[in-house]
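Shown next, in structure tokens, is the structure this report addresses.
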DNA sequence: CGGTGGATTCTCT
DNA sequence: GAGAATCCACCGT
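In this note's numbering, the protein residues as written are 1057 to 1218.
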């Protein structure tokens, strides 16, 4: 698959971009070690133009901005499927003895697995060697299921929002 | 300049 | 189901 280097790919609405990102390959380069994951869940994000947010002091959320300058939109990547290995081992923050084989099924866990931190904020996905996207066939309409956010039974009234 | 809360996740009850 | 872990942007004083 080829890397996406055409910035026009992102010059669309966040809703469209979220749909196109599904199935694409997110590549993270950590000191030469490539980790590839397939984007499996994205979320239309409301406003904001940052790429990486620190949340609750412990976890990061990885966003991909869309549209054009002056019209801030973005897509929050909520989950992905590891490709290189079945799982990406990440040591538990709470108990280092427990080596959880974390899946990337949540925004915070996704960023932990890929070593995404604030240093990637404002990075350009079309020019950076640290993290970028590889092209992949768009999923068919039938394969895209618009559903509620994953793993959010804690969210109360907000969980019914898309 | 101190207080507060948030786009999360894990652990224990 | 609730609390904790833990950083910083933002707000009020």
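Glycine included, C-beta positions come from ideal geometry on N, C-alpha and C.
#1: Does the structure place the stretch 1125-1139 close enough to the stretch 1190-1201 that three or more beta carbon pairs sit under 8 Å?
#2: Between the Cα of residue 1064 and the Cα atoms of 1186, 1182 and 1090, which residue gives the shortest distance?
#3: Taking 8 Å as the threshold (C-beta atoms), are residue 1135 and residue 1162 in contact?
#4: Please determine, among 1174, 1123, 1107 and 1139, the residue with the shortest C-alpha to C-alpha distance to residue 1096.
#5: Can you give me the C-alpha to C-alpha distance between residue 1076 and residue 1068, rounded to a whole angstrom?
#6: Locate the beta strand (DSSP E) running through residue 1084, then write down its first and last residues.
#7: Assuming contact is defined by CB atoms lying nearer than 8 Å, are residue 1170 and residue 1179 in contact in what I supplied?
#8: For residue 1174, which residues from the same chain have a beta carbon less than 8 Å from its beta carbon, with the 5 sequence-adjacent residues on both sides left out?
#9: Tell me the rounded alpha-carbon separation between residue 1176 and residue 1118.
#10: Output the distance between the C-alpha atoms of residue 1188 and residue 1060, rounded to the nearest integer angstrom.
#11: Put residue 1185 into one of helix, strand or coil per three-state DSSP.
#12: Let me make sure I understand the geometry here. Which of 1093, 1100 and 1062 has the alpha-carbon closest to that of residue 1073?
The relevant details are as follows:
#1: no
#2: In the first chain, residue 1064 corresponds to position 8, counting from 1. Closest by alpha carbon: 1182.
#3: Counting from one through the first chain, the residue named residue 1162 turns up at place 106. Counting from one through the first chain, the residue named residue 1135 turns up at place 79. Contact flag set, yes.
#4: Counting from one through the first chain, the residue named residue 1096 turns up at place 40. Closest option to residue 1096, Cα to Cα, is 1139.
#5: As a first step, residue 1076 is located in the first chain; it is residue number 20 there, counting from the start. As a first step, residue 1068 is located in the first chain; it is residue number 12 there, counting from the start. Distance between the alpha carbons of residue 1076 and residue 1068: 10 Å.
#6: Stepping through the first chain from its first residue, residue 1084 is reached at position 28. Here the beta strand (DSSP E) through residue 1084 covers 1081-1086.
#7: The residue you call residue 1170 lines up with position 114 of the first chain. The residue you call residue 1179 lines up with position 123 of the first chain. Not a contact, by the Cβ cut-off of 8 Å.
#8: As a working mapping, residue 1174 is identified with position 118 in the first chain. Answer for residue 1174: 1108, 1110 and 1116, listed in chain order.
#9: Numbered from its first residue, the first chain carries residue 1176 at position 120. Numbered from its first residue, the first chain carries residue 1118 at position 62. For residue 1176 and residue 1118, the distance between alpha carbons rounds to 9 Å.
#10: Taking the first chain and counting its residues from 1, one reaches residue 1188 at position 132. Taking the first chain and counting its residues from 1, one reaches residue 1060 at position 4. Computed Cα separation, rounded: 8 Å.
#11: Along the first chain, read from residue 1 onward, the residue named residue 1185 stands at position 129. DSSP places residue 1185 in coil when its eight states are reduced to three.
#12: As a first step, residue 1073 must be located in the first chain, where it is residue number 17. Ranking 1093, 1100 and 1062 by Cα distance to residue 1073 puts 1100 first.
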